[in-house]
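Novice: Sharing a structure with you now.
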Ligand code: FES
Ligand code: FES
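In the numbering used here, the protein residues as written are 171 to 338.
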C-alpha cells in the first residue's frame with residue numbers, strides 16, 4: 171500500500187513550490203528528496219547536530235525535526251539560496267578568506283545559522299555569534315576561525331557588501 175501524500179506550497183530560495191510528498195516527510199526530506207536541494211544535510215536526523223539548518227521565515231530552523239506541513243505557505247532559504255550565481259554571500263567570502271570552512275556536512279548549517287543571525291543583528295558580539303552557532307556541531311574545529319569569519323562578514327556587510335541570494 172502506498173503512503174498517504176499531501177500537497178505543500180512553500181517558497182524556497184525565492185521560488186514558489188507546490189510539491190506532493192508523503193505526509194510523514196520532514197522539511198529536510200522535502201528539500202532533499204522532492205526538490206533536489208541536497209545542500210541541507212541529513213546528519214543525526216534527530217535535532218542534535220545542526221547539519222540540516224535552514225532559514226524559515228528568517229529563523230534558523232532544524233529541518234530534520236520540522237514536519238513539512240509546518241512550512242506550508244512559508245519562506246525557506248537553504249544554503250543554495252544564500253548566494254546568487256553572480257556573487258557569493260559575504261559569509262562565504264569571509265569563510266574562504268579566514269580559513270573557516272569545514273566539511274560539507276556541517277558547513278551548510280553553520281552558514282545558514284550565521285546568515286540568519288546577520289539578518290537579525292548587523293553587528294553581533296562574539297557572544298551572540300557563539301550563541302547563534304551553538305547548535306551547529308563540529309568536533310573538528312575550535313570554532314575560532316568560524317567566529318572570526320562571521321565577524322568579518324558582518325563588517326563587510328556594514329561596509330556595503332551585498333547579499334546576492336534569496337535570503338537578502
Ligand atoms: S540532521 Fe538535523 S539536527 Fe542533525
Ligand atoms: S563535522 Fe564538518 S568538519 Fe567537523
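The C-beta atom is built at its ideal place from N, Cα and C for all residues, glycine as well.
Any contact between the segment 243-259 and the segment 192-207? By contact I mean 3 or more CB pairs, one from each, below 8 Å.
Specialist: Taking 8 Å as the limit for Cβ pairs, the verdict is that the segment 192-207 does touch the segment 243-259.
Novice: Got a sec: does ligand 2 put a non-hydrogen atom nearer than 8 Å to the Cβ of residue 309?
Specialist: Residue 309: yes, Cβ under 8 Å from ligand 2.
Novice: My understanding is that residue 281 touches residue 302, with C-beta atoms under 8 Å, so please give their C-beta distance in whole angstroms.
Specialist: Rounded, the Cβ-Cβ distance is 12 Å, inconsistent with contact.
Novice: Using DSSP with H/G/I as helix, E/B as strand and the rest coil, what is residue 190?
Specialist: Of the three classes helix, strand and coil, the one that applies to residue 190 here is strand, per DSSP.
Novice: What residue from 203, 273, 199, 278 has the CA that sits closest to residue 237's CA?
Specialist: The option with the nearest alpha carbon to residue 237 is 199.
Novice: Does residue 304 pass the burial test, meaning 16 or more other C-beta atoms within 10 Å, or should it be called exposed?
Specialist: Result: exposed.
Novice: In chain order, what residues of the same chain lie with their CB nearer than 6 Å to the CB of residue 195, ignoring the 5 residues before and after it?
Specialist: For residue 195, where only same-chain residues beyond five positions count, the Cβ hits under 6 Å are 238.
Novice: What three-state label does DSSP hand residue 242 in the structure shown?
Specialist: DSSP places residue 242 in coil when its eight states are reduced to three.
Novice: Output the residue ranges of the beta strand (DSSP E) runs that lie fully inside the segment 188-271 and measure 3 residues or longer, sorted by chain position.
Specialist: The qualifying runs are 223-226, 229-232, 245-247.
Novice: Using a 10 Å radius around the Cβ and a threshold of 16 neighbouring Cβ atoms, would you call residue 216 buried or exposed?
Specialist: Residue 216 should be labelled exposed.
Novice: Can you tell me whether residue 316 is buried or exposed? The criterion is at least 16 other CB atoms within 10 Å of its CB, across all chains shown.
Specialist: With 16 or more other Cβ atoms within 10 Å, it is buried.
Novice: Compute the Euclidean distance between the alpha carbons of residue 320 and residue 197, then round it to the nearest angstrom.
Specialist: Taking the straight line from one Cα to the other gives about 26 Å.
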